[in-house]
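Novice: Pasting a structure below so you can have a look.
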Amino acid sequence: QDGSATAVPSDGVEYLVSTSVGGQSLNLDFDTGSADLWVFSSELPSSDLSGHSYYTSSDSSTFQSLSGYTWDISYADGSGASGNVGTDTVVIGGTTVEGQAVELAEKVSSTFVSDAADGLVGLAFSSINTVSPTPQSTFFENAQSSLDSPLFAAYLPNNADGAYDFGYTDDSKYSGDITYTDVDSSNGFWEYPSTSYKVGSTTHSQSGYTGISDTGTTLILMGDSAVTAYYDQVSGSSYDSSQGGYVFDCSADLPTLSISIGGNYATIPASLLNFGTASGSSCFGSLQSVGSGTQNIYGDVFFNAFYGVFDASGPSFGFATV
Ligand SMILES: O=C([C@@H]1CCCNC1)N1CCCCC1
-18 QDGSATAVPS DGVEYLVSTS VGGQSLNLDF DTGSADLWVF SSELPSSDLS
32 GHSYYTSSDS STFQSLSGYT WDISYADGSG ASGNVGTDTV VIGGTTVEGQ
82 AVELAEKVSS TFVSDAADGL VGLAFSSINT VSPTPQSTFF ENAQSSLDSP
132 LFAAYLPNNA DGAYDFGYTD DSKYSGDITY TDVDSSNGFW EYPSTSYKVG
182 STTHSQSGYT GISDTGTTLI LMGDSAVTAY YDQVSGSSYD SSQGGYVFDC
232 SADLPTLSIS IGGNYATIPA SLLNFGTASG SSCFGSLQSV GSGTQNIYGD
282 VFFNAFYGVF DASGPSFGFA TV
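Quick note: the sequence shown uses the working numbering, first residue -18, plus one each step.
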């Protein structure tokens, strides 16, 4: 069944969605850049559990263990988690999946201990699910047959409650038309060509680049040539290794950044490109380097400006102005 779940901004870093797993409520980070649904569990060291809600399989009458199944995930930011696997009933908004693979954490990296999330819901493609010996389907893949349309949408307005809609698009959350592009899911991501960008009104090509829509990443991460081209237009900006990225005076006049999604540009307003105070009068840029490779990562700052539609038929990705 179709449904919508509220996404609450947490520490300006992520949006959390209250989710029922075997009747137990957890605040989970929805991540369209990965495909594992994993939860803090009673199997973790108790010192890792402080400040977290966690799942206790023995308290769920509908839990079934998947004997001998394990999972182990490593994220681009160096964080990671691992453990064992079972199935249980997962309810998000008005959408229920019975028999959803739930990955119970036995170990989590320190970043997760100090982070507000009680786990993640991976919404990328199950080809990159880490469960061994058999990769498991995502909540969305399992829910698809019960939805009016095989799609979900992310509405993540800046510093305000948002939502994930399952099975329908909600035209009260965006204006104008939704512009769609074909998705190449061969790497397991919601990925599309992203071969040019604009800094203000100046167009630059980045041939061979792709982009992925990743609600689990906070910022906009692009190749070094694009990042350099952007901050060359911000007087006084510099890369500050102690802050871990490009900073500028908080009073700086920022250009807009337009990214190409398939054949269409999405223009991020200048206000969203100032992520906020780094230290003193210097502010941290919302655009930072993705490092090596030709895959840009369009995270929550993108979704602050655009309603994002993840459509399994195609598959395709669509965006519309928030
Ligand atoms: O690990 C990640 C991100 C980390 C933040 C949360 N989303 C997944 N990757 C991004 C996409 C390319 C592969 C690595």
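Just so it is clear, CB atoms sit at the ideal spot from N, CA and C, and this is done for glycine as well.
(1) Between the C-alpha atoms of Ser6 and Thr0, what's the straight-line distance to the nearest angstrom?
(2) Less than 8 Å between the C-beta atoms of Ser175 and Thr191, yes or no?
(3) Run the Cβ filter for me: residues under 7 Å from any heavy atom of ligand 1, listed in the order they occur in the chain.
(4) Could you tell me if Pro114 is buried or exposed, where buried requires 16 or more neighbouring beta carbons within 10 angstroms of its beta carbon?
(5) Could you check if Glu172 is buried or exposed, using at least 16 other CB atoms within 10 Å of its CB as the buried criterion?
(6) Measure the CB-CB distance between Ala124 and Thr68 and report whether it falls below 8 Å.
(7) Can we say the segment 128 to 142 touches the segment 150 to 157, given the rule of at least three CB pairs closer than 8 Å?
(8) With three or more beta-carbon pairs closer than 8 Å as the criterion, would you say the segment 243 to 251 touches the segment 80 to 99?
(9) Helix, strand or coil: which one does DSSP assign to Tyr89?
(10) What does Phe300 pair with, by DSSP beta-bridge criteria?
(11) With a Cβ-Cβ cutoff of 8 Å, do Tyr220 and Leu268 count as a contact?
(12) Compute the Euclidean distance between the alpha carbons of Ser186 and Tyr178, then round it to the nearest angstrom.
(13) List the endpoints of the continuous alpha helix (DSSP H) containing Tyr173.
(14) Return the Cβ separation of Ile54 and Val(-2) in integer angstroms, given the expectation that the two are a contact with Cβ distance under 8 Å.
(15) Tell me Thr(-13)'s beta-bridge partners as DSSP assigns them.
(16) Taking 8 Å as the threshold, find out whether the segment 31 to 51 comes into contact with the segment 254 to 274 through three or more Cβ pairs.
(17) Buried or exposed: where does Val282 fall if 16 or more other Cβ atoms within 10 Å of its Cβ makes it buried?
Specialist: Inspection of the coordinates gives the following:
(1) 6 Å
(2) yes
(3) Asp12, Gly14, Ser15, Tyr56, Ala57, Asp58, Phe170, Ile193, Asp195, Gly197, Thr198, Gln276, Ile278
(4) exposed
(5) buried
(6) no
(7) yes
(8) no
(9) Reading off the sequence shown, one finds Val at residue 89, where the question assumed Tyr. Reduced to three states, the DSSP call for Val89 is strand.
(10) Thr160, Gly289
(11) no
(12) 6 Å
(13) From DSSP, Tyr173 is part of no alpha helix (DSSP H) but of the beta strand (DSSP E) over 172 to 174.
(14) That pair is no contact at about 19 Å.
(15) Ala144
(16) no
(17) buried
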